[in-house]
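Quick notes on the structure that follows.
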Amino acid sequence: MPAQTAIRPLTITSSQRAELRSSGFLAIPGALDAVEVERLTSALNRVYNEESPHANGAMHLLGGIGRDDAFVELIDHPAVFPLIWGELGWNIYVYHSHLDMNPPRTAPRASAVWGWHQDGGRQNLDLETDPRPRLSLKVAYWLSDLSAPGRGNMLVIEGSHTRNSLARPGPGASFEPPAGARPILAAAGDALIFDRRLWHSRSDNLSKLTRKAIFIAYTHRWIRPRDRLQIQAGDARFARLSPVRRQLLDGDAGPHSHWGLGEERIPLRVELDRRDLLDPSIPSHR
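Residue 17 in our numbering sits at position 17 of the sequence shown, with consecutive numbering throughout.
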């Protein structure tokens, strides 16, 4: 019997939007099918073998989605991308990505390691509002079975995206997980969308599995890129991409302004308008 195809969303629903805005994250079970997981895992393994991992065998490769077509196909994946543009609008691009491999550790990291953070770097210091503006959404695609704790799971504090700071233990104190911290449990093929302001950390992988994941972050085209994607305008592969994918990878959308001027010609807006998916009641859809 053929595998059942998951029903793909056309855009984000009101309940999904409410959950993302209240919790700071939204799980997408079964975003990738078994064939996609296998193809992506093979590509990730190849890149890992081409790189020089850290001394502990880990890889955290910024901008790596250009290294294989399988990664590029994730940027507008039908199980996830409609939820991204449905919330952020059409004037967006991929400003940040990383490929992660985390082999098992023989022992936990030293207690002095504090990994809790919000994404955004200087955005969290230069912007003065409380809470700070969201600015971007990030997607984690899990390629390993993370259905139990202790496998390098992402740790999150639900609702913490509305806080500009997180209490940190003083000098000499043991860095125990903050109150409310919990691991994200996921099967291979699941995805997680999360607000960049969500306080999160990676936990130690003390299992017998290697944690494998791909992260892709989207923001508005008027924000500068976080890292250089390893596929660029002018590359032969880039020229063969659809107009929407070229917008998402380059941010320039051809000759059109980052500010959204000339919006009627910006590829993602053209495509969404053609399919009658834009909601004029949402400012970023106009």
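C-beta: ideal position from N, C-alpha, C; glycine also.
Keep in mind it's a predicted model, so treat the numbers as computed, not measured.
Original post:
Excluding sequence positions up to five away, which residues of its chain have a Cβ less than 6 Å from the Cβ of residue 186?
Top reply: 142, 146
**OP:** Identify, in the order they occur along the chain, each residue of the same chain with its Cβ nearer than 8 Å to the Cβ of residue 19, setting aside the five sequence neighbours on each side.
**Re:** 26
Original post:
Among residues of its own chain, excluding the 5 on either side of residue 161, which ones have a beta-carbon nearer than 6 Å to its beta-carbon?
Top reply: 24, 195, 197, 198
Subject >> Under 7 Å between C-beta atoms of residue 207 and residue 104 >> reply: yes
Original post:
Under the three-state reduction of DSSP, which class applies to residue 244: helix, strand or coil?
Top reply: helix
**OP:** State yes or no: is the C-beta of residue 181 within less than 7 Å of the C-beta of residue 155?
**Re:** yes
Original post:
Which value, in whole angstroms, describes the spacing of the CA atoms of residue 56 and residue 65?
Top reply: 23 Å
**OP:** Drop a sphere of 10 angstroms on the beta-carbon of residue 77, count the other beta-carbons inside from all chains shown, and report buried for 16 or more, exposed for fewer.
**Re:** buried
Original post:
Candidates 46, 176, 114: which alpha carbon is nearest residue 99's?
Top reply: 46
**OP:** Measure the alpha-carbon distance for residue 192 versus residue 37 and round it to whole angstroms.
**Re:** 15 Å
Subject >> As assigned by DSSP and simplified to three states, the class of residue 142 >> reply: strand
Subject >> Validate contact between the segment 266 to 284 and the segment 113 to 133 using beta carbons, cut 8 Å, 3 pairs >> reply: no
Subject >> Minimum length 4: unbroken alpha helix (DSSP H) runs contained in the segment 28 to 112 >> reply: 34 to 50, 69 to 72, 81 to 88
**OP:** Name the residue from 95, 30, 50, 282 whose alpha carbon lies nearest to the alpha carbon of residue 8.
**Re:** 30
**OP:** Could you tell me the distance, in whole angstroms, from the CA atom of residue 107 to the CA atom of residue 189?
**Re:** 27 Å
Original post:
Excluding five sequence neighbours on each side, which residues of the same chain lie with their C-beta closer than 7 Å to the C-beta of residue 2?
Top reply: Residue placement at residue 2 is poorly supported in this model, since its pLDDT is 35, which falls under 50; the coordinates are not used for a value here.
**OP:** Name the residue from 152, 183, 119 whose alpha carbon lies nearest to the alpha carbon of residue 163.
**Re:** 119
Subject >> DSSP-derived helix/strand/coil call for residue 227 >> reply: coil
Original post:
Using CA coordinates, which residue listed in 68, 267, 21, 114 is at the minimum distance from residue 242?
Top reply: 267
**OP:** Go ahead and pull the three-state DSSP assignment for residue 153.
**Re:** coil
Original post:
Per DSSP, residue 219 forms a beta bridge with which residues?
Top reply: 93, 136
**OP:** Below 6 Å CB to CB, which residues in the same chain sit around residue 271 once its five sequence neighbours on both sides are set aside?
**Re:** 244
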